[in-house]
Amino acid sequence: MSDPIGIQIRNLYKIFGPRGGEFVSAVQGGMSKQELNDKHRHVLGLRDINLDIPAGRIQVIMGLSGSGKSTLIRHINRLIDPTAGEIMIEGQDVVRMPPAALRSFRRHKTAMVFQKFGLLPHRTVLNNVGYGLEVQGMDAAARNEIAMRWIERVGLRGFETKYPSQLSGGMQQRVGLARALTNDAPILLMDEAYSALDPLIRYDMQTVLLDLQSEVRKTIVFITHDLDEALRIGDRIALLRDGSIIQQGTGQDIVLRPADDYVSNFVQHVDRGKVVQVGSIMEPMSASNTNGHAIPEHTTLSEALRQMLSSRLQVIDVNDMANRPVGQLSLERAIAVSAGAA
Amino acid sequence: MTWLTEFPQIDNGMLRDLKRAIDDGFRNFSRSYGDAIEAVFDPLRHFLSWSENLLTDTPWPIVLLVVGLLAWGASRSFRIVFACVGTLCLIGAFGMWEDTMKTISMILTSTLMAIALGIPIGVLMSRSDRVQSFVSPILDVMQTMPPFVYLIPVVMLLGIGKVPGLIAVVIYALPPMIRLTNLGIRQVDGEVLEAADAFGSSRWQRLVKAELPLAMPTIMAGINQTIMMALAMVVIASMIGVEGLGLPVLRAISNQYFTLGLFNGLAIVGIAILFDRVSQAFGHRLQKHRGGHNV
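Residue numbers (numbering that gives the first Met the number 0), protein chains in the order written: chain X, 0 to 341; chain P, 0 to 294.
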């Protein structure tokens, strides 16, 4: 198992068009996407992206269609070349890699899952899953053994001789996931991997991903336009709009402290009771008596409310992972937060 | 007012000189290099003679057996096997076995050549728009120029015989092979190619593991077209010494033998249908992975 590695994205710009490089300084000087498009017929894809993706965590990049999120993830393995900026992985700048080094980097450091699966239709499930190892030059017996292990791990045992067109969408994406995991690359790039699946299967696949992540600890970059999905799986979330990051932080940060009106609009329909954890909204300890009732800091708000109501408590202690009290939550504040008033 | 009713053309003397200059130039070229060029095509001539002798010298039952086996291997359909063998038996019964074998040998050789030339050119064309915009007009010329016109320089260079005939057939049959290879590769789903790149495929791996297999239905259609065009060219190529079913047709035209022409014409149609069905069935079988229920 390879150790997780982080990704640092610095001052990344992407301007689509034949002379993109000429407009970087103009965009840095404040030229808008609209102006660039109207006056120079170039499209601003990404503007000054700075993002530290921690090793071994799930970083979600969220935004509506056209916000540049798929463009951004394609810069990490350089399926798209940036106009300016750098992407540092293990001390190396991906942007400056010569072709052979880039190929080796893609083979060993990254694996990718695609929205429309990107499976090779003329290959069986087994040969699709083994594709990454095949291009590395591993012999058939060895790669089939590894591939079979992951096919079983994603629950597709018995389907290895089927062709992609014989599988449902959810099963095809399991193949896509198994193909990515078979490479055992420390970085997993997932481009709207679950957006084409229906809600139940999507939830199911999120569970598969979270289970796997607890075992393999990869650095996962996950693109989505679905806020519920982002909040469920993301350790950190970055919100993208018109090619710029408008807020980044944990899910709690984004729901409780939206950076601007756009973000608050985005999060206003979230079921706060299920998302907000008491650790993010607790108040400092005070002297008032809580009768020894306490809940862990990762408890959701609605669960906390349920316990407080059933035990008729006005205030409850909040404990950290080691079961030490670190704060307390009043019924009044809990209700205010869940109603969106605080 | 003659300049209004008659198009102002280049002076007759000048035109004559121009034509003569080009003709003389080409004649001199073919006189001095004709032998050398012929030597270049010598291996081709040997291969043609070899494949023709192979087909005509092999006892007919063995040829029928091999054709039947090939048809079975390609199509896995008894209907197609019986149709193939039956057609050949009928052709043989009407006294056209020898000519048919010569034609089949010609078609196979020219199709192999067209594939060997057409796929690489098609791949190059799909790689760059510049190559495409350069090759496309050449293909237009190849497809619309009356074949008789390019028979002239071919005959001047190489004389009359199998090799010039083969070259004429290949020129005529090559364009669909190139065009459909190019089209097939350009139509490959972008996300699948992104996936191939994302896993670190080299350009060659990407071509042989993703692009060509995904373009295969279109490429197979190109091969099918090439075979049909080559068969259509057989009669014209007989004018420059290609033996086979075209020659009796040519004789029938000049002597007004309606039945002779009709029989040989029908034999050409027969093997055309045979080639077409077998190659299409083979193409479909290659695409068995598309037969799933979903998507």
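Using N, Cα and C, we set each Cβ at its ideal position, and we do this for glycine too.
- Think of a sphere of 8 Å around the beta carbon of Gly12/P: no beta carbon from chain X falls inside it, the nearest being about 51 Å out.
- Put simply, the backbone Cα of Pro175/P is about 55 Å away from that of Tyr261/X.
- Apart from the 5 residues on each side of it in sequence, Gln212/X sits with its Cβ closer than 7 Å to the Cβ of Ile57, Ile219 in its chain, given in chain order.
- Interface residue (Cβ-Cβ distance to chain X less than 8 Å): Ala197/P is classified as such.
- When rounded, the separation of the alpha-carbon atoms in Gly129/X and Phe104/X is 18 Å.
- Note: Phe15/X is bridge-paired with Val42/X in the DSSP secondary-structure output.
- Taking all protein chains in view, the Cβ of Val39/P is surrounded by fewer than 16 other Cβ atoms within 10 Å, so the residue is classified as exposed.
- Among the residues of chain X, those whose CB is under 9 Å from the CB of Leu213/P are Leu119, Pro120, His121, following chain order.
- Under the DSSP definition of a beta bridge, Phe221/X partners with Val59/X, Met189/X.
- Using a Cβ-Cβ cut-off of 8 Å, Lys115/X counts as an interface residue toward chain P, since at least one Cβ of chain P sits closer than that to its own.
- Those residues of the segment 182-193 of chain P placed with their C-beta closer than 7 Å to a C-beta in chain X are Glu190, Val191, Glu193, ordered along the chain.
- Within the segment 91-116 of chain X, the runs of alpha helix (DSSP H) at least 4 residues long that lie entirely inside it are, in chain order, 98-107.
- Around Leu273/P, the same chain offers Cys83, Thr86 as residues with beta carbons nearer than 6 Å, after the five sequence neighbours per side are excluded.
- Assigned with DSSP and collapsed to three states, Pro295/X falls in strand.
- Rounded to whole angstroms, the separation of the alpha carbons of Glu133/X and Leu43/P is 38 Å.
- At a Cβ-Cβ threshold of 8 Å, Ala333/X and Leu300/X count as neighbours.
- CA-to-CA, the gap between Thr249/X and Met219/P works out to about 53 Å.
- A distance below 8 Å separates the beta carbons of Pro120/X and Ser164/X.
- Apart from sequence neighbours up to five positions away, the residues of its chain that approach Gln286/P with a beta-carbon distance below 8 Å are Met215, Pro216, ordered along the chain.
- Under the three-state reduction of DSSP output, Asp197/X falls in the coil class, being neither helix nor strand.
- At a cut-off of 8 Å between C-beta atoms, Ala209/P counts as an interface residue with respect to chain X.
- The contact set of Leu78/X on chain P, defined by CB atoms closer than 7 Å, consists of Glu193, Asp196, Ala197 in chain order.
- With its beta carbon at least 8 Å from every one in chain X, His283/P lies outside the interface.
- The beta-carbon separation of His74/X and Ile86/X, rounded to 6 Å, stays under the 8 Å limit for a contact.
- For the pair Pro185/X and Lys217/X, the CB atoms are nearer than the 8 Å cut-off.
- The beta carbon of Leu116/P is closer than 7 Å to those of Leu173 in its chain, skipping five residues each way along the sequence.
- Listed in chain order, the non-local C-beta contacts of Ile103/P below 7 Å within the same chain comprise Leu54, Ile270, local neighbours out to five positions each way being set aside.
- Excluding sequence positions up to five before and after Met189/X, its CB lies within less than 6 Å of the CB of Val112, Phe221, all in the same chain and listed in chain order.
- Taking the Cα of Thr99/P as reference, the smallest distance to any Cα among Asn52/P, Val140/P, Gly12/P, Ser29/P is reached at Asn52/P.
- For the pair Leu125/X and Gly168/X, the CB atoms are not nearer than the 8 Å cut-off.
- Interface criterion met: the Cβ of Gln204/P is under 8 Å from a Cβ in chain X.
- For Glu85/X, the enclosing beta strand (DSSP E) starts and ends at 83-88.
- Interface residue (Cβ-Cβ distance to chain P less than 8 Å): Tyr130/X is classified as such.
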